[in-house]
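Q: Supplied in structure tokens, the structure appears directly below.
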Amino acid sequence: MPLGFLRSVRDQTAQARTPAPDAAPPAPAPRPERVAVLSEVEQLGVGMFWATDALGNLSFLSQRALQDLETDGGDLLGKPLVQVFSDIDSEPGAPTQRSLSFKLKAHSKLEEQIVALTSARGTTRWWRLNGRPLIDAKGEFMGYRGSAVDISGQYIYDTQVARQSAVDELTGLANRRKLGERLTAMLGAFRVSKRSCALMMLDLDRFKQVNDTMGHPAGDELLKQVAQRLTAIVKDRGEVGRLGGDEFQVLLPDMDDRGTLGELANRIVQSVSQPYTINGRRAIIGTSVGIAIAPYDGLDTDELTRAADMALYSAKDTRGGTFCFFTSDLRDAASKTAMLGERLRDAVDRDELSLVYQPLVDPETNVVKCFEALLRWNDPEEGSISPALFIPVAESDDLIIRIGETALRRACFDALDWPETIRVAVNVSAKQFTRPGFHKTVAAALESSGLSPGRLELEITESVFVGDLESVDAIFGDLKKLGVRLALDDFGTGYSSLGYLKGGHFKKLKIDQSFVRGCTENGDINPAIISAIVALAKALGMETVAEGVEAMDELALVRERGADLVQGYIYSRPLTQEALLPQFADGTMKVTPEGPARHRAERISMYRKVGLIHEDHYYDVIMRNLSKTGARINGLGGVPIGTDVVLDLGHGQLVVSKVVNASESSQGLKFETALISDGGGGFMTRHRISPYSLAEAGIPLAALGAGAFPLAKWRDANKGLPRFIQLDIGI
Ligand code: C2E
Ligand code: CA
Ligand code: CA
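With our numbering, you'll find the sequence shown wraps up at 731, consecutive numbering, no jumps.
Encoded structure:
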């Protein structure tokens with residue numbers, strides 16, 4: 001056929017119905033022999049070719065492609081690619097693929113992307129696409145150039161085979177189709193009987209790394225073992241399935257207690273994170289879990305799945321290796337994180353990040369042994385932003401490498417001005433640690449500052465022990481040669497495998513704050529955990545640090561249990577270099593512990609509008625602080641002590657409370673049942689009021705996400721006389 005590649009590009013772009021005004025200029029004319037080869041390739045039936053302009057509109061389809069779709073192209077060219085090619089539902093066994101529109105927006109390469117198309121006569125065809133973005137010399141995106149193969153025959157056959165089976169062949173678990181059907185049937189039936197049902201969505205952390213370094217058969221074996229562990233934990237409480245790739249799902253009928261669900265999710269995270277042996281090699285992976293509960297978070301399959309997915313993304317964003325419940329705030333949080341990323345990049349360019357130093361003190365002598373360097377971001381508008389917020393954002397990006405290197409260099413220089421007996425500890429993120437050449441960065445920081453290597457300590461968390469452990473061992477070897485010390489941070493919170501402690505890499509073990517804070521409360525098992533960690537560390541020749549000590553009784557406890565060092569507000573908050581320099585008298589530094597005698601239940605200060613129900617009245621109040629066991633509110637006058645009220649925290653969370661102290665416009669409430677931790681530093685109720693009950697009260701049936709305070713709608717229906725004075729709360 002004489003019609004060459006080039007001519008057909010020109011003809012067809014000219015025919016396009018809506019040519020883009022600033023479409024990319026046509027690609028440079030290919031040499032004639034290339035044109036001939038392309039058209040021969042096409043004639044052989046090997047492939048078809050397509051292209052888009054810079055706006056993502058289809059600008060070219062080769063002749064065979066047009067024949068395949070039984071069209072002359074007039075109906076397709078000029079249309080956005082995502083309208084012509086649509087995503088397929090991923091089938092069991094098939095690798096899960098990111099959506100086409102996601103990839104196009106990101107201008108990423110298309111590799112073996114399977115899409116569906118409708119021919120001019122209305123029949124569906126399936127194509128496997130490959131394509132790459134065309135970038136011009138100035139770095140501008142010019143459009144896609146790609147090829148395609150029609151795989152309709154095979155695809156129809158494969159889907160039929162998959163349809164006939166409800167089982168994931170690799171693991172023997174329920175497959176995506178079966179899970180979908182089960183969930184839909186369950187939600188339908190439960191709606192009638194007003195029962196609840198939880199959905200957990202799991203995604204393995206760093207599975208890809210194992211798959212890439214150890215090979216696909218090893219990856220398959222790993223997935224089988226994960227499936228076995230999940231089934232062993234869930235037992236007959238629910239159904240475990242594999243959606244495809246490294247995604248799993250658990251359906252749990254009649255489950256709406258967020259306390260129980262959190263415990264189960266935690267056990268799943270712990271179990272999946274234990275080491276695996278595959279063909280004699282060790283590997284560790286982690287998992288993140290997102291949880292949504294019907295009817296609270298979603299009424300139908302789509303809504304509930306979307307909610308669980310969003311919770312999963314949030315869990316992954318936090319730090320991986322954790323779980324997260326769906327809340328309707330998650331949507332806003334996702335966009336906030338994206339904005340934070342951009343601002344952080346600017347802040348790094350403008351040098352707005354600095355370091356502060358918190359002492360690690362010997363509790364027997366009150367002598368400072370070390371300072372931990374902690375980052376601070378002083379944003380001109382927002383004030384000081386916590387590293388707990390921005391480090392995860394930096395970690396999702398290579399920005400952490402820049403930030404980490406700067407902090408390391410700065411800390412080495414600052415430490416030179418301290419007494420020689422005091423060490424400096426620098427936090428190193430897993431991404432920074434496992435990057436090739438990390439030891440060279442450390443060596444360079446030591447060399448340029450002249451700090452002796454024995455004075456530098458690197459704090460890393462258990463998350464570095466994930467993936468292929470052999471390469472992690474090599475990094476330890478390199479650092480050992482340099483002579484720096486390693487500390488294991490946040491011990492007890494991560495992948496909790498003790499095997500790697502035996503490697504003798506660590507000089508120091510930092511007991512996580514969550515075991516220390518509140519450890520003096522009655523009935524707490526944390527003192528026993530602290531003792532066990534100290535004993536373990538001693539046996540392995542490691543020093544222990546108790547982190548986050550705030551009260552005198554906590555200090556006494558960790559000292560008595562044998563912690564070698566203490567870090568916490570009881571001794572000092574982190575200080576700037578200027579503030580600490582004058583404190584070095586005669587080559588040492590001592591600090592006296594100062595703080596409350598006892599630990600007090602954690603209270604979060606806030607300024608949040610919530611509801612308060614008394615008799616048949618609904619009042620608006622402002623919540624000023626919240627702890628697990630109580631809250632302080634503003635906005636009502638004339639409320640006697642002893643009054644029973646119900647606090648509406650939104651999203652169906654009702655808390656039965658009693659007024660235990662009161663001033664003119666402010667009251668202290670004590671909760672009948674304590675709240676539980678939401679896994680992200682806040683509190684929530686175990687149970688929520690069901691949308692079914694709300695529907696019975698005349699509020700339209702909907703998942704709780706949309707209206708934060710569905711109960712406020714009762715107010716208008718209840719016009720009895722209010723017993724208290726509603727003050728103007730101004731929001
Ligand atoms: P971390 O390494 O566990 O650091 C200890 C955190 O506990 C610090 O929070 C410190 O200010 C806080 N803290 C210490 N004593 C107490 C106490 O008695 N009570 C309470 N409530 N908190 C206490 P900070 O500075 O907000 O840092 C948070 C996390 O950010 C750090 O946790 C660390 O994981 C990360 N981070 C900080 N600086 C760096 C850095 O330079 N590089 C990397 N990769 N991560 C960093
Ligand atoms: Ca640390
Ligand atoms: Ca820590």
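Virtual Cβ for every residue (Gly too), placed ideally from N, Cα, C. As the structure is a computational prediction, the values presented were derived from the model and not from experiment.
#1: If you compare alpha carbons, which of H439, F491, E447 and S463 is closest to D478?
#2: Please report the distance separating the alpha-carbon of G642 from that of V610.
#3: Looking at the secondary structure, which residues open and close the beta strand (DSSP E) in which G733 lies?
#4: Is it true that the segment 686 to 705 meets the segment 584 to 603, where meeting means three or more beta-carbon pairs spaced less than 8 angstroms apart?
#5: What's the C-alpha gap between T461 and F506?
#6: Does the Cβ of D22 have 16 or more other Cβ atoms within 10 Å, making it buried, or fewer, making it exposed?
#7: Any idea which residues DSSP pairs E457 with across the strands?
#8: How long is the line joining the alpha carbons of P722 and V621, rounded to whole angstroms?
#9: Please name the residue or residues paired with F357 in a DSSP beta bridge.
#10: If we count Cβ pairs, one from each stretch, closer than 8 angstroms, do we get three or more for the segment 305 to 314 versus the segment 221 to 231?
#11: Counting along the chain, where does the beta strand (DSSP E) carrying C197 start and finish?
#12: Going by DSSP in three states, M142 sits in which element: helix, strand or coil?
#13: Give the C-beta separation of L451 and L399 to the nearest angstrom, bearing in mind that I take them to be a contact with Cβ-Cβ under 8 angstroms.
#14: Tell me which same chain residues have a C-beta within less than 7 angstroms of the C-beta of D728, skipping the five on either side of it?
#15: From V367 to S471, what does the alpha carbon distance come to, in whole angstroms?
#16: In three-state DSSP terms, what is C324?
#17: Give me the residue from L204, K105 and G122 with the minimum Cα distance to T71.
#18: If V591 and V424 are in contact, beta carbons under 8 angstroms, what's the gap, nearest whole angstrom?
#19: According to the Cβ coordinates, are G56 and L81 closer than 8 angstroms?
#20: Hey, would you say the C-beta of K235 is under 7 angstroms away from at least one heavy atom of ligand 3?
#21: With distances taken from each beta carbon to the nearest heavy atom of ligand 2, which residues come in below 6 angstroms, in chain order?
#22: Go through its chain and collect everything with a Cβ distance to M550's Cβ below 8 angstroms, but skip five positions before and after it.
#23: Tell me which residues share the same chain as P92 and place their Cβ nearer than 7 angstroms to its Cβ, disregarding the 5 neighbours each side in the sequence.
#24: Quick one: is Q164 buried, meaning 16 or more other Cβ sit within 10 Å of its Cβ, or exposed?
#25: Between the Cα of K510 and those of G562, A443 and A556, spot the shortest distance and give me the residue it belongs to.
#26: Cα-Cα, which of I293, I268, V393 and A265 is closest to G652?
#27: Using 10 angstroms around the beta-carbon of E447, count the other beta-carbons present and answer buried if the total reaches 16, otherwise exposed.
#28: Given the structure, does D329 come close to ligand 3, in the sense that its CB is under 7 angstroms from one of the ligand's heavy atoms?
#29: Can you name the start and end residues of the alpha helix (DSSP H) that I391 belongs to?
#30: Output the boundary residues of the alpha helix (DSSP H) element that contains I400.
A: So, from the data block:
#1: What you label residue 478 is simply residue 478 of the sequence shown in a count that begins at 1. Of the listed residues, the one whose Cα sits closest to D478 is H439.
#2: As a working mapping, residue 642 is identified with position 642 in the sequence shown. As a working mapping, residue 610 is identified with position 610 in the sequence shown. Near 20 angstroms, if we compare the C-alpha coordinates of V610 and G642.
#3: Nothing in the structure corresponds to residue 733, since the chain is present only between 1 and 731.
#4: Look at the beta carbons and you see the segment 686 to 705 not touching the segment 584 to 603: under three pairs across the two are nearer than 8 angstroms.
#5: Looking up residue 461 in the sequence shown gives position 461. Looking up residue 506 in the sequence shown gives position 506. Distance between the alpha carbons of T461 and F506 is about 11 angstroms.
#6: Taking the first residue of the sequence shown as position 1, residue 22 is located at position 22. Summary for D22: the model assigns pLDDT 39, below 50, so the residue's position carries little reliability; its value from the coordinates is reported in the next sentence. It counts as exposed.
#7: Residue mapping note: residue 457 aligns to position 457 of the sequence shown, counting from 1. DSSP, once it has assigned bridges, lists A425 and R485 as partnering E457.
#8: Taking the sequence shown and counting its residues from 1, one reaches residue 722 at position 722. Taking the sequence shown and counting its residues from 1, one reaches residue 621 at position 621. Their Cα atoms are separated by approximately 14 angstroms.
#9: Locating residue 357 in the sequence shown gives position 357, where the first residue counts as 1. The identity of residue 357 in the sequence shown is Tyr, whereas the question assumes Phe. A373 and L575.
#10: Taking 8 angstroms as the limit for Cβ pairs, the verdict is that the segment 221 to 231 does not touch the segment 305 to 314.
#11: Sequence index remark: in the sequence shown, residue 197 carries index 197 (1-based). Note, C197: beta strand (DSSP E), C197 to D205.
#12: In the sequence shown, the residue the question calls residue 142 occupies position 142. Three-state DSSP puts M142 in a strand.
#13: To locate residue 451, count along the sequence shown from 1; it is residue 451. To locate residue 399, count along the sequence shown from 1; it is residue 399. No, L451 and L399 are not in contact; Cβ-Cβ is about 25 angstroms, not under 8 angstroms.
#14: Indexing the sequence shown from 1 puts residue 728 at position 728. No residues qualify anywhere along the chain.
#15: As a first step, residue 367 must be located in the sequence shown, where it is residue number 367. As a first step, residue 471 must be located in the sequence shown, where it is residue number 471. Each residue's Cα considered, the two are about 38 angstroms apart.
#16: The residue labelled residue 324 in the question sits at position 324 within the sequence shown. Strand at C324.
#17: Mapped onto the sequence shown, residue 71 falls at position 71. Checked all of L204, K105 and G122; the closest Cα to T71 is G122.
#18: Counting from 1 along the sequence shown, the entry for residue 591 is found at position 591. Counting from 1 along the sequence shown, the entry for residue 424 is found at position 424. Wrong, their Cβ atoms sit about 17 angstroms apart, outside the cutoff.
#19: Taking the first residue of the sequence shown as position 1, residue 56 is located at position 56. Taking the first residue of the sequence shown as position 1, residue 81 is located at position 81. Yes.
#20: In the sequence shown, residue 235 corresponds to position 235, counting from 1. K235 Cβ: outside cutoff for every heavy atom of ligand 3.
#21: E372, N427, E459 and D489
#22: Numbered from 1 along the sequence shown, position 550 holds the residue referred to as residue 550. One detail in the question is off: residue 550 reads as Glu in this sequence, not Met. Only R517, G568, Y569, I570, G595, P596 and H599 meet the Cβ criterion.
#23: Residue numbering aside, residue 92 sits at position 92 when the sequence shown is read from its first letter. Only weak support is given to the placement of P92: the predicted model assigns it a pLDDT of 40, under 50, and the question is left unresolved by the model.
#24: To locate residue 164, count along the sequence shown from 1; it is residue 164. Exposed, because fewer than 16 other Cβ atoms sit within 10 Å of the Cβ of Q164.
#25: The count along the sequence shown starts at 1 and reaches residue 510 at position 510. Looking only at G562, A443 and A556, the smallest Cα-Cα distance to K510 is reached by G562.
#26: On the sequence shown, residue 652 is found 652 positions in, with the first residue counted as 1. Comparing Cα positions, the closest option is I293.
#27: If you number the sequence shown from 1, residue 447 lands on position 447. By the 10 Å Cβ count, E447 comes out exposed.
#28: By one-based count along the sequence shown, residue 329 stands at place 329. Checking every heavy atom of ligand 3 against the Cβ of D329, none is found closer than 7 angstroms.
#29: Reading the sequence shown from its first residue, position 391 is the one you call residue 391. Residues P387 to E395.
#30: Within the sequence shown, residue 400 is the residue found at index 400, counting from 1. Unbroken alpha helix (DSSP H) run through I400: L399 to A415.
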